[in-house]
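Worksheet: the structure to be examined is printed underneath.
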Amino acid sequence: MKTEPAPDIKNRIALIVKKLDMQHIDSNRIVCMRSYGSKSKAVARIWSLPKIWQKALGIRAHYIIEVVSERFDKLSAADQDRTLIHELLHIPKTFSGAVLSHISMHFNGCGGFVRKHIDGRTVEKLFQELEKKTKVP
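Residue numbering for the sequence shown follows my numbering, beginning at 466 and increasing consecutively.
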């Protein structure tokens with residue numbers, strides 16, 4: 466498998482983060498890569514930098530978003546944006562280097578917990594918001 470930096474994806478990530486007001490995400494600490502020759506069925510993946518690596522390397526949390534060229538590049542621009550939104554949703558509000566699973570429990574601030582889902586409905590809602598904010602009047 467071959468990988469290379471993906472500055473086009475980096476720019477799209479920065480735009481999505483800004484337009485969707487994802488203030489907890491530091492897009493400067495997201496590295497974007499494009500892979501070729503992967504046998505994976507994934508279209509894209511997010512990679513974390515666990516705390517032990519952060520401490521050992523003396524750096525703050527970072528994430529890598531990898532797009533699998535054979536699958537991602539064939540998608541429409543809209544579906545590519547949906548895919549990138551999906552990957553960004555795996556980043557916790559703490560930007561700690563951890564990755565959220567598709568279903569997770571979060572403290573609701575009122576003594577209870579709420580279940581959060583990373584699914585098509587959540588992605589589509591954010592995609593529609595992105596579309597509204599990027600349309601030129």
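Even glycine gets a Cβ: it sits at the ideal position worked out from N, Cα and C.
Sheet register partners of residue i (DSSP bridge)
i	result
A509	V532
V496	I529
Whole-number beta carbon distance between residue j and residue i, since they are thought to touch under 8 angstroms
i	j	result
M498	E531	5 angstroms
L595	I478	Contact doesn't hold; Cβ gap of about 12 angstroms is too wide.
A521	S561	Incorrect: roughly 16 angstroms between the Cβ atoms, too far for contact.
P557	L565	5 angstroms
D544	H567	The Cβ separation is near 18 angstroms, so there is no contact.
Under 8 angstroms between C-beta atoms of residue i and residue j
i	j	result
R547	V588	yes
S513	V533	no
I490	H555	no
W475	T599	The sequence shown places Lys at residue 475, rather than the Trp named in the question. Contact: no.
Under the three-state DSSP convention, the category residue i falls into
i	result
K467	strand
Buried or exposed (CB count within 10 angstroms, at least 16 for buried), residue i
i	result
M487	buried
I517	exposed
I495	buried
S500	buried
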